[in-house]
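S.K.: Once you've had a glance at the structure underneath, I'll fire off some questions.
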Amino acid sequence: MAHTPRRALVTGGSSGIGRAIAQSLARDGCDVGILYLGDLTDADSVRSCIESLGRKTWVKVADVSDAQQATAAVEDCAGELGGLEVLVNNAGICRDQVIWNMTDAEWQDVIDIDLTGVFNMSRAAAPIMRAAKYGSIVNISSINGMRGKFGQTNYAAAKAGVIGFTKALAKELARSTVTVNAVAPGMIHTPILDAMPPEAIKKATEEILVGRIGTPEDIAEAVRFLCSEGARFITGEVLRVDGGQYI
Ligand code: NAD
1 MAHTPRRALV
11 TGGSSGIGRA
21 IAQSLARDGC
31 DVGILYLGDL
41 TDADSVRSCI
51 ESLGRKTWVK
61 VADVSDAQQA
71 TAAVEDCAGE
81 LGGLEVLVNN
91 AGICRDQVIW
101 NMTDAEWQDV
111 IDIDLTGVFN
121 MSRAAAPIMR
131 AAKYGSIVNI
141 SSINGMRGKF
151 GQTNYAAAKA
161 GVIGFTKALA
171 KELARSTVTV
181 NAVAPGMIHT
191 PILDAMPPEA
201 IKKATEEILV
211 GRIGTPEDIA
221 EAVRFLCSEG
231 ARFITGEVLR
241 VDGGQYI
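So the sequence shown is numbered by this note's numbering: it starts at 1 and just counts up by one.
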């Protein structure tokens with residue numbers, strides 16, 4: 001029997017993959033809150049899209065790397081929507097640099113947002129899901145956290161950390177009927193690619209077996225499934241969604 005209602009919070013839901021995830025969960029019947037840092041216009045258009053699907057929404061600017069802001073956002077969103085059954089930790093940045101030129105800030109910003117942000121949000125959501133004895137947490141990792149990538153010691157470390165975190169948290173929350181999984185995208189067409197040199201994009205595309213860069217919707221569909229009733233027996237899993245780029 002489907003668990004209804006489902007209330008979801010998607011971090012970084014204003015742009016790229018997070019935006020597609022928020023829309024896909026709303027189409028699947030969830031009320032969806034989003035938090036983000038950045039352009040209000042983007043967030044407003046996601047809000048309109050969720051509302052046009054007849055779902056409730058909650059939209060806030062908050063920094064996932066700040067524990068206080070993350071906790072307040074989770075509590076506020078759950079209060080506004082009436083509960084929280086789904087958390088998608090999608091917010092992320094990259095600051096690519098070879099290690100001999102990497103600054104402390106380039107290292108720390110990526111670890112703080114891409115890894116500590118996942119911890120901050122999950123720690124705040126866990127008590128709500130444990131009390132309800134129901135929930136799904138999906139963390140967005142990356143195939144580069146599984147295989148490393150030149151110029152990404154910071155990002156690969158954070159995204160590999162997300163995989164270990166996912167498995168440990170799956171063990172802690174399983175008895176509360178809360179699943180915890182990760183999705184590891186390959187190269188996906190979003191604004192994050194703007195920072196990538198064109199020749200690096202061309203080289204990466206050549207590695208993708210299906211012969212194209214992924215779309216945000218390719219990732220959103222995997223996340224939607226992992227948050228659905230059909231996936232209640234899946235926990236601690238890392239699902240690569242990469243068109244065969246990793247193998
Ligand atoms: P994007 O730049 O389009 O979106 C990033 C989102 O994160 C934005 O909504 C932004 O507001 C939000 N954000 C950034 N810092 C934040 C902070 N401190 N607090 C709250 N929100 C913050 O990027 P995207 O490509 O859609 O990436 C989404 C996720 O997917 C990231 O975790 C990224 O590492 C991962 N990923 C992307 C690709 C890709 O090729 N695009 C591949 C693998 C993994």
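Yeah, the Cβ is synthetic: ideal placement off N, Cα and C, and Gly gets one too.
1. Looking at C-alpha atoms only, which residue of 128, 61, 138, 103 is the closest neighbour of residue 82?
2. Determine the closest residue to residue 20 out of 130, 166, 4, 42, with distance taken between C-alpha atoms.
3. CA-CA distance, residue 167 and residue 22?
4. What residue from 171, 233, 111, 51 has the CA that sits closest to residue 64's CA?
5. Give the DSSP-derived three-state secondary structure of residue 188 in the structure shown.
6. Take residue 196 and list the residues in its own chain whose beta-carbon comes closer than 7 angstroms to its own, dropping the five residues that flank it on each side.
7. Within 10 Å of its beta-carbon, does residue 154 have 16 or more other beta-carbons around it, so buried, or fewer, so exposed?
8. Short of 7 angstroms in beta carbon distance, which residues of its chain neighbour residue 147, apart from the five on each side in sequence? Order them along the chain.
9. Given a threshold of 16 other Cβ atoms within 10 Å of its Cβ, counted over all protein chains shown, does residue 11 qualify as buried or as exposed?
10. Could you tell me the distance, in whole angstroms, from the CA atom of residue 244 to the CA atom of residue 218?
11. Kindly indicate which residue of 80, 160, 133 has the alpha-carbon position closest to the one of residue 116.
12. Take residue 120 as the anchor and find which of 71, 152, 183 has the nearest alpha-carbon.
13. So is the beta-carbon of residue 215 under 7 angstroms away from any non-hydrogen atom of the ligand NAD?
14. Quick one: measure Cβ to Cβ for residue 39 and residue 60, integer angstroms, because I've assumed they're closer than 8 angstroms.
15. Could you pull the DSSP bridge partners for residue 136 from this structure?
16. Check the DSSP bridge columns for residue 8 and list the partner residues they point to.
17. Report the residue ranges of all alpha helix (DSSP H) runs contained in full by the region 124–173; include only those spanning at least 4 residues, in chain order.
18. Within the region 34–81, note down every full alpha helix (DSSP H) run reaching 4 residues or more, in order along the chain.
M.R.: Let me lay it out:
1. As a working mapping, residue 82 is identified with position 82 in the sequence shown. Its Cα nearest to that of residue 82, the residue 128 stands out among 128, 61, 138, 103.
2. Against the sequence shown, residue 20 aligns to sequence position 20. Ranked by Cα distance from residue 20, the options 130, 166, 4, 42 are led by 42.
3. Taking the first residue of the sequence shown as position 1, residue 167 is located at position 167. Taking the first residue of the sequence shown as position 1, residue 22 is located at position 22. Using only the alpha carbons, I get a separation of about 24 angstroms.
4. Numbered from its first residue, the sequence shown carries residue 64 at position 64. Checking every option, the nearest Cα to that of residue 64 belongs to 111.
5. For the purposes of this step, residue 188 is identified with residue 188 of the sequence shown, where counting begins at 1. It is a strand residue.
6. Looking up residue 196 in the sequence shown gives position 196. Nothing listed; no residue qualifies.
7. Position 154 of the sequence shown, counted from the first residue, corresponds to residue 154. Under this definition residue 154 is a buried residue.
8. Residue 147 sits at position 147 when you count from the first residue of the sequence shown. Here the set comprises 246.
9. Counted from its first residue, the sequence shown places residue 11 at position 11. Counting the other CB atoms within 10 Å of its CB gives residue 11 a total of 16 or more, which places it among the buried residues.
10. The sequence position of residue 244 within the sequence shown is 244, counting from 1. The sequence position of residue 218 within the sequence shown is 218, counting from 1. When rounded, the distance between both Cα atoms is 13 angstroms.
11. Counting from one through the sequence shown, the residue named residue 116 turns up at place 116. Measuring from the Cα of residue 116, the nearest candidate turns out to be 160.
12. Residue mapping note: residue 120 aligns to position 120 of the sequence shown, counting from 1. Closest option to residue 120, Cα to Cα, is 71.
13. As a position in the sequence shown, residue 215 is number 215, starting the count at 1. Because no heavy atom of the ligand NAD lies under 7 angstroms away, the Cβ of residue 215 does not count as near it: no.
14. In the sequence shown, residue 39 corresponds to position 39, counting from 1. In the sequence shown, residue 60 corresponds to position 60, counting from 1. Approximately 14 angstroms separates the beta-carbon atoms of residue 39 and residue 60; this is outside 8 angstroms, ruling out the contact.
15. Working through the sequence shown from its first residue, we reach residue 136 at position 136. Beta-bridge pairing by DSSP links residue 136 to 86, 179.
16. On the sequence shown, residue 8 is found 8 positions in, with the first residue counted as 1. Under DSSP, residue 8 shares a beta bridge with 32, 86.
17. With a minimum length of 4 residues, the continuous alpha helix (DSSP H) runs that stay inside the region 124–173 are 144–147, 153–173.
18. With a minimum length of 4 residues, the continuous alpha helix (DSSP H) runs that stay inside the region 34–81 are 40–52, 67–81.
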